[in-house]
Amino acid sequence: MGHTDILILLDGDFRRRAAISHCLAGTGIHVEPFEDLGELSRNWPRDGVILAYDEGDTVPRLIERMTEAGNWLPLIAFAEAPGTTCVVQAVLHGAIDYLQWPFGESEVRSALAVAEESRDALGSAKLREAMARSRIQRLTPREREVLAGVADGLSNRLIGERLAISPRTVEIHRANMLNKMGANHTSEAIRIAIEAALVA
Numbered sequence: 012m013g014h015t016d017i018l019i020l021l022d023g024d025f026r027r028r029a030a031i032s033h034c035l036a037g038t039g040i041h042v043e044p045f046e047d048l049g050e051l052s053r054n055w056p057r058d059g060v061i062l063a064y065d066e067g068d069t070v071p072r073l074i075e076r077m078t079e080a081g082n083w084l085p086l087i088a089f090a091e092a093p094g095t096t097c098v099v100q101a102v103l104h105g106a107i108d109y110l111q112w113p114f115g116e117s118e119v120r121s122a123l124a125v126a127e128e129s130r131d132a133l134g135s136a137k138l139r140e141a142m143a144r145s146r147i148q149r150l151t152p153r154e155r156e157v158l159a160g161v162a163d164g165l166s167n168r169l170i171g172e173r174l175a176i177s178p179r180t181v182e183i184h185r186a187n188m189l190n191k192m193g194a195n196h197t198s199e200a201i202r203i204a205i206e207a208a209l210v211a
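Residues 12 to 211, numbered by the numbering used here, are exactly what the sequence shown covers, in order.
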């Protein structure tokens with residue numbers, strides 16, 4: 012069994028979980044059903060693809076959980092008659108595909124193929140991006156402005172002029188910024204900002 016043959020199903024609706032498991036029975040796709048994120052977190056799988064029912068903040072919470080654990084699994088969201096906004100939001104949060112329920116084996120297989128292609132490249136990139144974003148979120152607005160200046164290659168003096176603060180204040184913000192980001196030097200802070208897609 013290849014790793015994408017394991018489908019981790021996250022859905023609070025018992026009937027739908029049963030229907031999906033039944034629909035994929037005997038197809039070679041092994042379904043592991045979970046009722047909620049708490050149950051999934053306690054039994055976090057090492058492999059597979061997550062198929063999560065998109066309701067409330069399920070998708071962003073799943074992404075957050077994977078970021079904290081440093082364990083990225085491809086995530087496919089699904090819903091009954093999802094609106095365009097739902098699909099866009101799920102993809103922006105990090106879902107690699109979106110299915111509309113009810114679906115059959117062929118739709119699941121094509122989503123799994125997408126997951127297979129994106130698994131390694133996207134997995135590590137998405138994980139790095141999510142981790143970088145969580146680091147950047149610790150910064151104050153002023154520290155972010157200093158980071159933007161650093162990323163533009165400006166000296167403390169020029170950043171100070173841009174922000175109308177003294178070079179010494181820039182230095183303090185810069186030190187705090189590096190500390191909060193867990194970066195040892197400026198180039199590392201810039202790399203984190205790029206991974207967080209904050210600077211082009």
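Each residue gets a CB set at the ideal place from its N, CA and C atoms; glycine is no exception.
Remember, it's a predicted structure, so these values are computed and weren't measured experimentally.
Give the straight-line distance between the Cα atoms of residue i and residue j, rounded to the nearest whole angstrom.
{"i": "A92", "j": "F114", "result": "11 Å"}
{"i": "Y64", "j": "E128", "result": "22 Å"}
{"i": "K191", "j": "R153", "result": "13 Å"}
{"i": "R27", "j": "E140", "result": "33 Å"}
{"i": "L150", "j": "A200", "result": "12 Å"}
{"i": "T96", "j": "L62", "result": "19 Å"}
{"i": "L51", "j": "W112", "result": "21 Å"}
{"i": "I176", "j": "E156", "result": "12 Å"}
{"i": "R173", "j": "D68", "result": "38 Å"}
{"i": "I205", "j": "R72", "result": "23 Å"}
{"i": "E116", "j": "D58", "result": "20 Å"}
Pull up the DSSP beta-bridge partners for residue i, would you.
{"i": "W112", "result": "E91"}
{"i": "A63", "result": "L21 and A88"}
{"i": "E43", "result": "I19"}
For residue i, collect the residues of the same chain with a Cβ closer than 8 Å to its Cβ; drop the 5 residues on either side in sequence, then sort them by chain order.
{"i": "A126", "result": "T15, V60, P85, I87, I107 and D108"}
{"i": "L169", "result": "G160"}
{"i": "P56", "result": "I17, I19, E43 and L84"}
{"i": "I203", "result": "A143, R146, I147, M192 and A194"}
Take residue i and list the residues in its own chain whose beta-carbon comes closer than 6 Å to its own, dropping the five residues that flank it on each side.
{"i": "N167", "result": "P178, V181 and E182"}
{"i": "M12", "result": "Bear in mind that the predicted position of M12 carries a pLDDT of just 40, short of 50, making it unreliable; the figure below should be weighed with that in mind. Answer for M12: no residue qualifies."}
{"i": "V161", "result": "T197"}
{"i": "V42", "result": "L18, L20, S32 and L35"}
{"i": "V70", "result": "A88, A101, H104 and A106"}
Skipping 5 residues on each side, what residues in its chain have a beta carbon closer than 7 Å to that of residue i?
{"i": "D47", "result": "G23"}
{"i": "N195", "result": "none"}
{"i": "M188", "result": "L150, E154, V157, L158 and A200"}
{"i": "I40", "result": "D16, L18 and V119"}
{"i": "A207", "result": "E140, A143, R144 and I147"}
Inset, instruction - Could you tell me whether the stretch 73 to 83 touches the stretch 91 to 101, where touching means 3 or more Cβ pairs closer than 8 Å? - result: Pairwise C-beta distances place the stretch 73 to 83 out of contact with the stretch 91 to 101, as fewer than three of them are shorter than 8 Å.
Legend entry - Runs of alpha helix (DSSP H) wholly within the stretch 163 to 200 (minimum 4 residues, chain order): 167 to 174 and 178 to 192
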